[in-house]
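These notes are about the structure you will find just below.
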Ligand code: IPD
Ligand code: CA
Ligand code: CA
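In the working numbering, the protein residues as written are 806 to 1063.
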């Protein structure tokens, strides 16, 4: 099967899981703590099952890296990277900013990404070399080059209360440098907002491949740039993610070095 079908499968799985999540807003009953503030619910797990079984119907031999339970090693040339619910804390508080993220890594390169926000019915998707889209509309990053006029976004990892490098210093520096900083609570969606120009830049520490795989492709295909904090090449297992509209990249690298 060709990449068109990879994208179609990713999109259909994300839409199906997103529909399930939306129908279950306010209905999570089994709330468990993976850490002091890191939550998982039965909805995250069921959404993951929905995605994995949709993909397996078409590609039974592919591998999976999914956030909750499933880590199946099979054909390592094709690995689906899945966050069934990015923004679980928002979800359990009925704060409507969360998404489903599905991507395919082929021989080490992300080739397809789909990020679906079920509350706004917004589907961000991209295929390597073929541009990025919001629903049927092609998207591109903002053109802003002045940090003073920029709206940037970030997030804080679940180790924020204990980690020495907890991003608070960066947050203060960007508050002082930019027009506004947002912490909306879904890294994948934050990055897609860079892709469509709503945010001009995003940075976060300690993200996981399932948070960034789909969205990093979407940002790049929308004309943006994704690197580590020092501007060097980003890989989805790295612990620093900086995604910008390109024009603000060197300025944001400079601020992150303070
Ligand atoms: C979290 C969200 C949040 C980010 C955390 C992530 P989860 O993912 O993306 O915005 O700040 O670092 O872990 O746990 O809701 O899938
Ligand atoms: Ca996540
Ligand atoms: Ca998650």
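No residue lacks a Cβ here, since even glycine has one placed at the ideal position from N, Cα and C.
Exercise. Identify every residue that forms a DSSP beta bridge with residue 922.
Key: 927
Quiz item: Going by C-alpha distance, which of 1002, 995, 950 is nearest residue 1009?
Solution: 995
Quiz prompt | residue 895 to residue 1018 span [Cα, whole Å] | solution = 21 Å
Exercise. Can you grab the Cα-Cα spacing for the pair residue 951 / residue 911, in whole Å?
Key: 37 Å
Exercise. Express the C-alpha separation of residue 831 and residue 749 in angstroms, rounding to a whole number.
Key: Any question about residue 749 goes unanswered here, given that the chain covers just 806 to 1063.
Self-check item: Cross-strand partners of residue 942 (DSSP beta bridge)
Solution: 939
Self-check item: Reduced DSSP secondary structure (H/G/I, E/B, other) of residue 901
Solution: coil
Practice problem: May I have the straight-line CA-CA distance separating residue 808 from residue 981, to the nearest angstrom? | Solution: Because the pLDDT of residue 808 is 48, which lies under 50, any placement of that residue in the model is unreliable, and the number read from its coordinates should be weighed accordingly. Rounded to the nearest angstrom, the two C-alpha atoms are 44 Å apart.
Quiz item: Within 7 Å: the Cβ of residue 854 and any heavy atom of ligand 1?
Solution: no
Quiz item: Straight-line CA distance for residue 1003 to residue 976?
Solution: 19 Å
Practice problem: Quick one: grab the DSSP three-state call for residue 812. | Solution: helix
Exercise. Please say whether residue 918 and residue 1020 have beta carbons closer to each other than 8 Å?
Key: yes
Quiz item: Is residue 1015 near ligand 2, going by C-beta to nearest heavy atom under 7 Å?
Solution: yes
Quiz item: Can you tell me whether residue 1052 is buried or exposed, with buried defined as 16 or more other CB within 10 angstroms of its CB?
Solution: buried
Practice problem: Pick helix, strand or coil for residue 1010, following the three-state DSSP scheme. | Solution: strand
Quiz item: Nearest-angstrom Cα distance between residue 954 and residue 983?
Solution: 6 Å
Quiz prompt | Any non-hydrogen atom of ligand 1 within 7 Å of residue 874 CB | solution = no
Quiz item: If you draw a straight line from the alpha carbon of residue 775 to that of residue 1031, how long is it in whole angstroms?
Solution: Look at the range of the chain in this structure, 806 to 1063, and you will see that residue 775 is not part of it.
Quiz item: Grouping DSSP H, G and I as helix and E and B as strand, with all else coil, what is residue 1045?
Solution: strand
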